[in-house]
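Residue numbers for the sequence shown follow my numbering, so the first one is 11 and each next one is one higher.
Glycine residues also receive a C-beta, built at the ideal position from the N, C-alpha and C atoms.
Okay, so here's the structure we're looking at.
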Amino acid sequence: MSDMLVFAGAILSLLGTFFFLLSGIGIVRLPDFYSRLHGPTKAATLGLVLLALGSLVGEWGSPARTTLHWLEDFLLIAVVFFTVPVSAQVLTKSARRRRIDGADER
11 MSDMLVFAGA ILSLLGTFFF LLSGIGIVRL PDFYSRLHGP TKAATLGLVL LALGSLVGEW
71 GSPARTTLHW LEDFLLIAVV FFTVPVSAQV LTKSARRRRI DGADER
């Protein structure tokens, strides 16, 4: 059972790393500011959540894993879910006010 959990944790961590890679590619390849902001915001959020879940699942039965470690992982997921969309919204509003290329004109 423990080996299966470690394997599942490794798979989740690899998937998270893959989404971070997609995030980096999105920053480099996408054409304008808004696209560059959108791609990494979504991909990096999912990547970080998958990495945290991989940590949780991989260390499920470990005696070194205390309640504080679980709480830290869940707090990390909650903070990322709340702060990333807000920061993306603030950046897009600021870019739109400054009329950065790629903004739709009204």
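What distance in whole Å lies between the Cβ atoms of residue j and residue i, which are believed to be in contact at a cut-off of 8 Å?
| i | j | result |
| --- | --- | --- |
| I21 | A62 | Their Cβ separation, rounded to whole angstroms, is 14 Å, which puts I21 and A62 out of contact at 8 Å. |
| L58 | V90 | 5 Å |
For residue i, which three-state DSSP category applies?
| i | result |
| --- | --- |
| E82 | helix |
| R116 | For R116, the pLDDT reaches just 40, beneath the cut-off of 50, and the residue's location in the model is therefore unreliable, leaving the point undetermined. |
| P121 | For the chain, the structure presents residues 11 to 116; residue 121 sits outside this window and is missing. |
| R39 | helix |
| S87 | Position check: residue 87 holds Ile in this sequence, whereas Ser was assumed. The answer is helix: DSSP assigns I87 an H, G or I state. |
| G71 | coil |
| R106 | helix |
Can you tell me whether residue i is buried or exposed, with buried defined as 16 or more other CB within 10 angstroms of its CB?
| i | result |
| --- | --- |
| S23 | buried |
| T55 | buried |
| D83 | buried |
Do three or more CB pairs link the region 67 to 75 to the region 31 to 47 at distances below 8 Å? Judged by Cβ distances under 8 Å, the region 67 to 75 makes no contact with the region 31 to 47, as fewer than three pairs qualify.
Does the pairing of the region 22 to 30 with the region 72 to 85 give three or more beta-carbon distances under 8 Å? With a cut-off of 8 Å, the region 72 to 85 and the region 22 to 30 do not count as touching, because too few Cβ pairs lie within range.
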